[in-house]
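Take a look at the structure below.
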Amino acid sequence: MKTAIITGISGQDGSYLAQLLNSKGYKVIGTTRSYTLSSYSGLKYLEIDNNVHIEEVDLLDVFSIIKLLNKYQPDEVYNLAAQSSVGLSFEQPIGTLQFNITSVLNILESIRLVNVKIKFYQASSSEMFGRVNQLPINEYTPFHPLSPYAISKATAYWTVVNYRESYGLFACNGILFNHESYLRSNNFFVKKVIRESISISKGIQNQIKLGNIELKRDFGYSPEYVKAMWLLLQHHTAEDITICSGKSVLLKDIVYYIFEKLKIDKSKLQIDTNLYRPVDIEDMYGDNTKAKKIIGWEYNLDFFEVLDLIVEEEIKNFK
Ligand code: NAP
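The structure is reproduced here in C-alpha cells:
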C-alpha cells in the first residue's frame, strides 16, 4: 500500500485529491495548521473523513516536517497548503510570501534530509505568468507575476526546479489554471457569484456587487484537475506541466449564464470599481498538450457544463 501526505487537506483540492487517492488504495495523511480551526467540511461532505489521518503540522517549522516524514515514510507528498487568494495577498503580502515560499522550501529540505526518493508535487499556479505576450500559455512561457500571491508561487516554482536539478529530487510543478467545484471557498469569483445569485433568487439578497468582469480566464473542474496531480507523480520522470482547459471564458458570460439559469434580471448586477485589482490582465488561457501527451491526462469539459454541476450541487445544499 502506498502512503501519501497531502498538505492543505481541508481545501477544495485537498478533499478531492484525498478521495482520489483513497479510491486508488493509498493510505492518506492530511496536514492542517490547526485541529481546532479546521472543519474538514470537504472531507465530511465527500464522506471520507474517517479514511484520512489528520496531523497538525506547522509547515514553517522544518523539524515538524522532518518528524512527519520520519513517522509515515510517505511515497508521495502533495503540497497544496497555501494562502491561495490573489485578492487577500494584496492585503497580506508579507504573510503570503512568507508562508507560500518558506513552507515549500521546508518540505523540499526535509525530503532531501529524510529520503530523496519521496516524490513531491507542488501546487503551482497560472497566476505566475501574469502579463503574457503570447497565448496560449505553455510550460515555456516566461513569468511576469502581478500580485504577491503570484510572486510567492513563482519563487516556490523555482525552488522546486532547483531541488530537482541540484539534488535529483523527484519534484514536480503542476501549473494549474483556475479550477472550481462545490467545495471552492465562498470568497472566490465563481462560488461567490453562484451563492449570491441563489440568495437573490430566494429573496435573501437584492444585488450582487462585482469588480471587473470584462476579463477572460481559463476555468476547469477540481475533481478532474486532481487526477493530473496524481498522474504527474506516476510518470517516470519529474516534469513541470500546465493543467488547464485550453479555453478562456469571459467573467461577464459566467455571471449572465448563472443569472439566466436562476431567472435573475441583469439589473441585479452592480459593478464596483473599488473591487478592481491594482493590476490585472484581459485574457489568459493555457495549452494542455503536454499534460495530455506526456502524463495521459484527459479533459474535455466545457466550463458551462461545470457551472451546471456546481449550481445544482449548491442549490441542493444551500444553507
Ligand atoms: P484552498 O481551498 O484555499 O485550500 C488551501 C489550503 O491551504 C487549506 O487547506 C488551508 O488550510 C491551507 N492554508 C492556507 N493558509 C495556510 C497557512 N498559512 N498555513 C497552513 N495552511 C494554510 O485552495 P485550493 O483551491 O484547494 O488550492 C490548492 C492549492 O492549489 C493552493 O496552493 C493554491 O494556491 C493552488 N492553486 C489553486 C488554484 C485554483 O484555482 N483552485 C489554481 C492554481 C493553484 P486551513 O484549513 O488551515 O485554512
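Be aware that the sequence shown starts at 1408, since it is given in this note's numbering, and climbs by one per residue. No residue lacks a Cβ here, since even glycine has one placed at the ideal position from N, Cα and C.
Can at least three beta-carbon pairs, one atom from the stretch 1431-1438 and one from the stretch 1411-1421, be found at a separation below 8 Å? Yes, they touch.
Less than 7 Å between C-beta atoms, sequence neighbours within five positions excluded: which residues of the same chain meet that for phenylalanine 1577? Cβ within range, chain order: Lys1526, Phe1527 and Ala1645.
From this set, Thr1696, Pro1685, Lys1726 and Pro1549, which residue's C-alpha is nearest glycine 1494's C-alpha? Pro1685
Within its chain, find whatever has a CB closer than 6 Å to the CB of tryptophan 1704; leave out the 5 residues flanking it on each side and keep chain order. Closer than 6 Å at the Cβ level, and outside the excluded window around tryptophan 1704, lie Ala1635, Leu1638 and Ala1698.
Three Cβ pairs or more, each shorter than 8 Å: is that satisfied between the stretch 1653-1669 and the stretch 1612-1625? Taking 8 Å as the limit for Cβ pairs, the verdict is that the stretch 1612-1625 does touch the stretch 1653-1669.
What three-state label does DSSP hand asparagine 1580 in the structure shown? strand
Quick one: residues in its chain with C-beta nearer than 6 Å to the C-beta of isoleucine 1544, no 5 flanking neighbours on either side, listed in chain order? These residues qualify, in order along the chain: Phe1536 and Gly1693.
Which residue's Cα is closest to the Cα of serine 1510: Lys1478, Arg1538, Lys1560 and Gln1541? Lys1560
Out of curiosity, what's the CA-to-CA distance linking leucine 1470 and serine 1441? In the sequence under discussion, the amino acid at residue 1470 is phenylalanine, which differs from the leucine named in the question. Whole-angstrom Cα-Cα distance: 17 Å.
Same chain, Cβ closer than 8 Å to aspartate 1715, five either side skipped, listed in chain order: Within the same chain, aspartate 1715 has close Cβ partners Lys1668.
Closer than 7 Å: alanine 1635 CB and nearest the ligand NAP heavy atom: The answer is no for alanine 1635.
Between the alpha carbons of serine 1422 and leucine 1450, how many angstroms are there, rounded? 5 Å
Any heavy atom of the ligand NAP inside 7 Å of the beta-carbon of threonine 1548? no
Let's test the definition: count the other Cβ atoms within 10 Å of the Cβ of aspartate 1420 and tell me whether it reaches 16, buried, or not, exposed. buried
Per DSSP, cross-strand counterpart(s) of phenylalanine 1527: Looking at the DSSP output, phenylalanine 1527 sits in a beta bridge with Val1484 and Ala1578.
Any non-hydrogen atom of the ligand NAP within 7 Å of arginine 1440 CB: Checking every heavy atom of the ligand NAP against the Cβ of arginine 1440, one is found closer than 7 Å.
Please confirm whether isoleucine 1728 and tyrosine 1589 have their CB atoms less than 8 Å apart. In the structure displayed, the chain extends from 1408 to 1726; residue 1728 sits before or after that span and is not available.
So who's on the other strand from aspartate 1625, going by DSSP bridges? Paired residue(s): none; aspartate 1625 is not in a bridge.
Can you check whether the CB of tyrosine 1663 is closer than 8 Å to the CB of lysine 1654? Between lysine 1654 and tyrosine 1663, the gap from beta carbon to beta carbon reaches 8 Å or more.
Secondary structure of aspartate 1656, DSSP reduced to three states: According to the sequence provided, residue 1656 is valine. The question's aspartate does not apply to it. Valine 1656 falls in the strand class under three-state DSSP.
Terminal residues of the beta strand (DSSP E) in which glutamine 1612 lies: For glutamine 1612, there is no enclosing beta strand (DSSP E), since its DSSP letter is neither H nor E.
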